[in-house]
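Numbering (the working numbering), first residue to last: -4 to 746.
The structure appears right after this line, and notes come after that.
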Amino acid sequence: MQPNNSAAPIPEKFLKPYNPQDTEPTIYKKWEESGFFNPDVCVEKGATAADAPAFSIVLPPPNVTGTLHVGHAAMLAIEDSLVRFERMRGKRTLWLPGTDHAAIATQSRVEKNLEKEKIRKHDLGREKFLEHVHQFAQESHDTITTQIRGMGASVDWSREAYTLDDARSLAVRTAFKKMYDDGLIYRGHRIVNWDPKGQTTISDDEIVYEERTTKLYTFRYSKDFPIPIATTRPETKVGDVAVAIHPDDTRYRQYIGKEYEIIFAGTPLAIKIVADASVDPQFGTGAVGITPAHSKIDNEIAWRNNLNSGTVIDEHARMVPNVGIVSGMKITEARDTIVKWLEKNHLLEKVEDIKQNVATAERTGGIIEPLPKLQWFVNVNQPFYLKNSKISGIESGSQTTLKEIMRKTVESGMIKIVPDRFEKIYYHWIDNLRDWCISRQIWFGHRIPAWYKKDDSRRERSPIVSIETPEGSDLIQDPDTLDTWFSSGLWTFSTLGWPNEEAPDFKTYHPTNLLETGYDILPFWVARMILMSGYLLGDIPFKTVYLHGLVRDGKGRKMSKSLGNIIDPLDMIKKYGADAVRLSLLIGTGPGNDSKLSEDKIRGYKNFANKIWNATRFVLENTATVSLEQRPPLSEKNTADLEAFKTFSADITADIEHYRLYLAAEKLYHYFWHTFADVIIEESKKVITSEDETAAISARWTLAYLLSALLKLLHPFMPFVTEAIWESLPENIKNTDTKHSLLIITPWPSH
RNA sequence: GGGCGAUUAGCUCAGUUGGUAGAGCAAUCCGUUUACACCGGAAAGGUCGGGGGUUCGAGUCCCUCAUCGCCCACCA
């Protein structure tokens, strides 16, 4: 018989190579219009059972600071693959999208943009400046959501959230108020990390250390002072109140407790000799000049020894007015002046080069100045009673701390971190965690819900902390805003209706199944989400944390503007299609490991999309007479093919279940190309044209069956090309048991 | 100072519980046959960083060294 069957013409689109540019936007539109990204619609339309188990992921909200980069694209590829897989498996699957206002990052971006137009934020004032920020944030948001669509992400847009919208703002104020009432949030004078460039405090996590060579000066305060000290910051010495030595240091032991009145560079100092075990007798002279106001460690020593402190450096990194010969000077100038003064008075004993890590602000690059300031903090060691606890190891009503919650949830195995080596890093971070400074002196963000009497201009009395703006015209709100991680810490449940704990989404989808994010924000974000949901809900925010690595360029370098090696996902999508971009970001990318991306790699997977396209054409040309429902007697060869495929398909399912997406995607690639196309299709050619009618029918049926099943298995990874093929498959070879025509909700093959 | 990771073909990487070394890209040769040249076939390429150990058997487990990279802490 004639091999071809003219009764069913091949859809014309298969006669040309696959064109992702024309196909993808149309396909995405069909998905969006179908409503199947929304689990409620899936249930309404009968695609998902109403009592099916839930599967939920909240999208780590991209910062509204511009555009998405390849790291975001990798995140979207991984999460979308998992979401599509679970949706096809019949779960009520919610992937909730949103964006992050990213307080300091966004504000400093807008400031920079305005500076180019010679506009300064203080000239605009708070209100006007914030208008600029909101406008910028809106534009970024629009770009970002377009990019998310471009990647094919099947997020439920009807539930989109923003960390600074009204619903999230209510959640923030509610959380703040509860923590304040429980004594977990307090206001206090502490040494904070002051960024003189950004004019704000920052948290320990926003500091980047840079190694620099500086000079270590050894000197005496005065000729008759008994102990020489060493310092890298001579200018701060006008604020010294003590010299600390190790209690067992025999060189200086006899001076402990003595006090000396000195005039140092024109400033009168009262220096007490104190003993403190934290002093290393081996370093420098074994004696430390204590400047409590400008060093965290000195501050602690001063605290232990009941010493007063006085500020000598101000918020603009200048010396204060009343410090002798360095009054009002810039820090570098003051340093030179002090050194010259020491030399002139023959007090300088030694100058040597040492390596030092200088603390700089991540966003502005400013050199951090430790300053004592009145700020808001979260106390991570404060015991409190956790009323309703679902956390194993912490009984309901028992006393615990935020630190303990963060530790127990992971230790008990309630939260699993993939790969597990990051659990160690997580514990290490918790152990080193100090109180979290949450107030920022910037304008963009959640305003702290605390109010003061107008006559209390320095805000020294206890404020009114309230969820809603309190009544009274004599009240002014705290001008500070919250650290951006405070609102992102609530993300898994503030997006699901909390603080209304009866909200249907909250009850159905929390705790979420998976949090997928970069390993670089494990401490900043992951730990804080665990803290917040542990405290506010007595529960975990997610069951599994999957950490992906950094996407580097083809040579393994970090992508950066200055290197000019940035691969823009949108450019790549335009050139090669989203499916190819997705695959290139999935394959060769183990959890927790950095991966490399090159254009060659993406091009390779574009070819794969075309391969699928053409294999489909071949199958369609040969299966017009096939009906998948009616399985003919199969040849020995085809029976073996199907057996092998069954194993393969079960393998793929297991790989995805265990988050081994890189393996699943690579195996699919390999099977489709080198088994299905190179072997099974090639062998079928001979059989189909042979005299053996039974064998021919068997081969045709097998081709149709495998194509149909492979499209389903491939769909989570390459949604566009598979859907585009699926919509053109004739009914007779579309192996599906639903009445819906879209592949996105077609049931996953059972083995 | 503490911790983590990497080291496998020219390049980029897989190798899931230990069982005869794999892919993509590049390079070589051949090829247009019922899809696909965004293709097919063939051949080539590796003492799996060095050394030691456990085991019938180690790329895989243990010890040790080396190189590269990352994270955390930080000494005035």
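Just so it is clear, CB atoms sit at the ideal spot from N, CA and C, and this is done for glycine as well.
Within a 10 Å sphere around the beta-carbon of Arg154 sit 16 or more other beta-carbons, which makes this residue buried.
In the DSSP annotation of this structure, Ser322 is not part of any alpha helix (DSSP H), being labelled neither H nor E. For Ala699, the enclosing alpha helix (DSSP H) begins and ends at Glu688 to Leu709. Approximately 11 Å separates the beta-carbon atoms of Ile425 and Lys403; this is outside 8 Å, ruling out the contact. The C-beta distance from Thr94 to Tyr23 rounds to 19 Å, too long to fall under 8 Å, and the pair is not in contact. When Gly145, Phe31 and Leu119 are compared, the shortest CA-CA separation from Tyr571 is found for Gly145. For Glu106, the number of other beta carbons within 10 angstroms of its own is at least 16, and it is reported as buried. In the DSSP assignment, Trp90 forms a beta bridge with Ile52.
Residue state for Pro287 is assigned as helix, using DSSP reduced to three classes. In this structure, DSSP gives Glu466 a state outside helix and strand, which the three-state scheme calls coil. In the displayed model, Asp190 falls within a strand according to three-state DSSP. With fewer than 16 neighbouring CB atoms inside 10 Å of its own CB, Asp46 falls in the exposed class.
Between the alpha carbons of Leu526 and Val236 lies a gap of roughly 38 Å.
Ranked by Cα distance from Leu578, the options Asn376, Ile268, Pro714 and Asn727 are led by Pro714. Going by beta carbons, Ala522 and Met401 fall inside the 8 Å limit.
DSSP places Ala156 in the strand class (E or B) of the three-state scheme. The residue from Thr464, Pro536, Ser135 and Asn508 with its alpha-carbon nearest to that of Ser489 is Pro536.
Runs of the alpha helix (DSSP H) lying entirely within the stretch 567 to 633 and spanning at least 4 residues, in chain order: 573 to 581 and 594 to 617. Residue pairing by DSSP puts Ala237 in a beta bridge opposite Lys267 and Ile285.
Going by DSSP, Tyr447 is part of the beta strand (DSSP E) stretching over Ala445 to Lys448.
For Gly41, the number of other beta carbons within 10 angstroms of its own is below 16, and it is reported as exposed.
Between the stretch 318 to 332 and the stretch 213 to 224 there are fewer than three C-beta pairs closer than 8 Å, too few to call the two in contact. A contact between stretches requires three or more CB pairs, one per stretch, nearer than 8 Å, and the stretch 342 to 361 meets this requirement with the stretch 99 to 119. Leaving aside the five residues that flank Ser103 on each side, the residues in its chain whose CB is nearer than 7 Å to its CB run, in chain order, Gly193, Arg358 and Thr359. According to the DSSP secondary-structure assignment, Phe537 is paired through a beta bridge with Thr507. Straight-line spacing of the CA atoms in Leu77 and Asn427 works out to 34 Å. Per DSSP, reduced to three states, the secondary structure at Leu369 is strand.
Around the beta carbon of Gln370, 16 or more other beta carbons lie within 10 angstroms, which makes this residue buried.
Here DSSP, grouped into helix, strand and coil, assigns Glu418 to helix. Assigned with DSSP and collapsed to three states, Gln377 falls in coil, not helix or strand. Close CB contacts of Gly279 within its chain, under the 6 Å cut and outside five residues either way in sequence, are with Ala225 (chain order). Beta-bridge annotation (DSSP): Cys432 is paired with Phe372. Counting only the Cα atoms, Glu254 lies some 4 Å from Lys267. With the rule of 3 Cβ pairs closer than 8 Å, the stretch 479 to 489 counts as touching the stretch 52 to 67. In this structure, DSSP gives Leu542 an extended state, which the three-state scheme calls strand.
Only residues of its own chain outside the window of five on either side were considered, and among them Gly533 and Asp534 have a CB closer than 7 Å to the CB of Lys385, listed in chain order.
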